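First residue of the sequence shown: 0, per my numbering; consecutive thereafter.
Reading through the structure tokens given below for one structure.
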Amino acid sequence: MSHISTILEQTSFSSADLQQLLLCDGEEKRLLFKKSGEVKDLNVGNKVYFRGLIEFSNVCDKDCYYCGIRKSNRTARRYNLTDTEILDAARFADENKFGSVVLQSGENSSPAFSDRIERLVRQIKHISEGRLGITLSVGEQTETVYRRWFEAGAHRYLLRIETTNPLLYHKIHPDDELHDFNHRLDCLHSLQRLGYQVGTGVMIGLPFQTTADLANDLLFFQQFGIDMVGMGPYIEHSETPLYEFRHELLPIQERFDLSLKMIAILRILMKDINIAAATALQAIDPLGREKGVKVGANIIMPNITPGFYRNDYSLYQNKPCIDEEPAQCKGCLDARIALADGEIGYGEWGDSKHFMKNKENNELKN
Ligand code: SAM
Ligand code: SF4
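Now the structure itself:
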């Protein structure tokens with residue numbers, strides 16, 4: 000029996016074990032993907048849940064060194080959807096039985112922004128008669144603001160930690176209080192305390208990132224008790240400071256491969272969480288998200304931002320599906336998920352089983 004198959008039989012994993020899995024190739028990689036597919040079928044089944052992604056604004060107060068819509072990128076054409084456009088997109092999601100929407104944007108901590116999000120959450124709940132689940136992904140905010148949005152009806156929040164190595168975090172962000180690793184971590188704790196289903200994630204294949212960093216990221220997800228993870232390959236953007244280090248990067252195909260291995264290993268490590276197949280996978284391989292589903296992911300976030308704006312939410316280059324309208328996107332996904340032996344959970348929220356189990360256990364204790 001190969002060393003990898005011995006590791007795959009274990010029930011707990013050290014950083015060294017995870018690094019071995021991350022480095023495996025050939026027949027060993029096939030074994031890893033077989034195992035993760037089995038763990039997925041057994042624990043979360045073959046259902047894939049949709050989260051209609053509304054990238055409602057690319058205006059951002061922050062300057063992350065990797066991101067194409069960072070504040071200092073003067074070449075980015077800025078937009079901010081109107082409330083009507085956002086509500087129309089939500090209506091589209093509801094009518095097409097997507098089950099949930101994600102409101103995502105650049106970061107803004109003004110009172111006007113928090114009021115607007117609160118109002119939009121209430122309106123989306125109202126127009127869908129409570130049918131649509133709402134995930135927010137609008138960055139670091141105060142606990143008070145997170146609470147207001149939760150009380151308005153948002154019940155999931157995505158905030159990627161980006162990397163759990165504070166030194167690496169420091170290298171890929173400006174050194175100021177707007178970009179503080181500990182503050183980001185505090186935000187994740189606030190969200191968990193408030194009762195959100197909390198999602199985080201990392202970029203895979205960043206310059207200066209090591210295999211040990213990625214293994215520690217996986218252990219962090221487990222120790223934190225995260226409910227959802229969305230992680231994908233880092234893809235360079237020419238109008239960002241990190242572009243200077245593009246020669247240090249793994250070839251793009253290897254970053255893709257490493258991302259699939261991260262998904263597969265995470266599924267083995269955290270059997271009942273929700274794992275999203277990130278759009279960045281599809282930017283590298285046209286069937287990237289479906290491959291993610293095959294090895295362990297169970298969430299897809301079809302982009303339902305009106306097509307006109309999609310090109311401008313350009314975090315990295317070669318973003319997929321930017322020319323399509325939402326309706327075209329849906330038809331194409333039906334066929335794609337079937338190819339990955341998945342079945343779409345139309346009209347279902349598809350909440351994280353991990354979150355639900357924890358909630359039940361806590362209620363029993365109290
Ligand atoms: N502003 C919010 C935040 O940062 O949490 C939400 C939107 S932000 C664009 C969503 C995610 O995009 C980030 O968490 C980051 O991981 C990802 N991202 C940004 N630039 C990227 C790049 N060049 N390659 C891959 N992912 C990137
Ligand atoms: Fe802004 Fe988010 Fe991009 Fe950072 S990753 S620059 S916070 S949109």
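Even glycine gets a Cβ: it sits at the ideal position worked out from N, Cα and C.
Given the structure is predicted, the values throughout are model-derived calculations rather than measurements.
- Judged by their CB atoms, lysine 96 and glutamate 342 are not nearer to each other than the 8 angstroms cut-off.
- The beta carbon of alanine 88 sits closer than 6 angstroms to those of Ile53, Ile303, all from its chain and outside the five residues before and after it, given in chain order.
- In the assembly as shown, tyrosine 315 is a buried residue. Its beta-carbon has 16 or more other beta-carbons within 10 Å.
- In terms of Cβ geometry, serine 35 and glycine 295 form a close pair [threshold 8 angstroms].
- Taking 3 residues as the shortest admissible run, the segment 118-171 contains the following complete beta strand (DSSP E) segments, listed from N- to C-terminal end: 132-136, 155-157.
- Between glycine 105 and arginine 159, the gap from beta carbon to beta carbon reaches 8 angstroms or more.
- The nearest non-hydrogen atom of the ligand SF4 is less than 7 angstroms from the C-beta of arginine 69.
- If you draw a straight line from the Cα of proline 165 to the Cα of aspartate 175, it comes to about 14 angstroms.
- In the three-state DSSP reduction, glutamate 342 falls in the strand class (E or B).
- Under the three-state reduction of DSSP output, serine 109 falls in the coil class, being neither helix nor strand.
- The ligand SF4 approaches aspartate 62 closely enough that one of its heavy atoms is under 7 angstroms from the residue's Cβ.
- About 30 angstroms separates the CB atoms of leucine 217 and arginine 146; that is not less than 8 angstroms, and the two are not in contact.
- With a threshold of 7 angstroms, the Cβ atom of isoleucine 234 counts as near the ligand SAM, since some heavy atom of the ligand is closer than that.
- According to DSSP, isoleucine 203 shares a beta bridge with Pro232.
- Cβ contact annotation for tryptophan 348 (same chain, cutoff 7 angstroms, sequence separation greater than five): Gly98, Ser99, Gly132, in chain order.
- At least one heavy atom of the ligand SF4 falls within 7 angstroms of the beta-carbon of glycine 105.
- Assignment of beta strand (DSSP E) within the segment 204-275, counting only whole runs of 3 or more residues, yields 227-232 in chain order.
- Per DSSP, reduced to three states, the secondary structure at isoleucine 53 is strand.
- Relative to the Cα of aspartate 212, the nearest Cα in the group Ile68, Phe12, Leu17 belongs to Leu17.
- In the DSSP assignment, serine 104 falls within the unbroken beta strand (DSSP E) covering 99-104.
- In the displayed model, tyrosine 195 falls within coil according to three-state DSSP, outside both helix and strand.
- By the CB criterion at 8 angstroms, leucine 20 and isoleucine 3 fall inside the cutoff.
- Within the DSSP secondary-structure output, tyrosine 48 pairs in a beta bridge with Ile298.
- Secondary structure at asparagine 181: helix, using DSSP grouped into helix, strand and coil.
- Set against 7 angstroms, the gap from the CB of glycine 204 to the closest heavy atom of the ligand SF4 is not smaller.
- Lysine 356 counts as exposed, since fewer than 16 other C-beta atoms from the protein chains shown sit within 10 angstroms of its C-beta.
- When only Cα atoms are considered, serine 109 and glutamate 139 end up about 12 angstroms apart.
- A buried status is given to lysine 290, since no fewer than 16 other beta-carbon atoms sit within 10 Å of its beta-carbon.
- Looking at the DSSP output, asparagine 79 bridges to Ser56.
- Annotation for proline 240: Tyr64 place their beta carbon closer than 7 angstroms to its own, counting only its chain and skipping 5 residues before and after.
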